[in-house]
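For the sequence shown, our numbering gives the first residue as -14, with consecutive numbering after it. Backbone N, C-alpha and C define an ideal beta-carbon position, used for all residues, glycine too. Just so you know, these numbers come straight off a predicted model, no measurement behind them. Single-structure report; data block below.
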Amino acid sequence: VRADGKPFELAGAAQMIFSDLGTISVEKSRGFSAYRWIRDELVRRGVPASEIAFMQDFKKAQAKQRLFG
C-alpha cells in the first residue's frame, strides 16, 4: 500500500517485516504491540486482514513453507 493509501501497481508483490520488539506476547505487560499496530494500520490502508500473517503463528516448518508457497 502506497503512502496515499492506494495499492501499488505490481500485483502479487509482498513485503516482509522482521521485528522481535513489541510482539503480541508483551502487549499485556507493556500496553503496546507493534505487531498489532502494524496489522491495524495495514488493514486501515486497505490490505485485507486475511493477507497479513505472523510467522510465530506457524509453528511447524511445513506450515511455514506453505505460507511462502
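Closer than 7 Å to chain B by CB, residue i
| i | result |
| --- | --- |
| R29 | Absent from the structure is chain B; it holds one protein chain and no more. |
Helix, strand or coil at residue i according to DSSP, with G and I counted as helix
| i | result |
| --- | --- |
| L6 | coil |
| M1 | coil |
| R(-13) | coil |
| K44 | coil |
| I23 | helix |
Straight-line gap, residue i to residue j (C-alpha atoms, nearest Å)
| i | j | result |
| --- | --- | --- |
| I37 | R24 | 7 Å |
| F53 | S35 | 14 Å |
| G(-10) | K45 | 34 Å |
| G7 | F(-7) | 27 Å |
| Q41 | S4 | 11 Å |
Short Cβ contact (7 Å threshold) for residue i with residue j
| i | j | result |
| --- | --- | --- |
| Y20 | I9 | yes |
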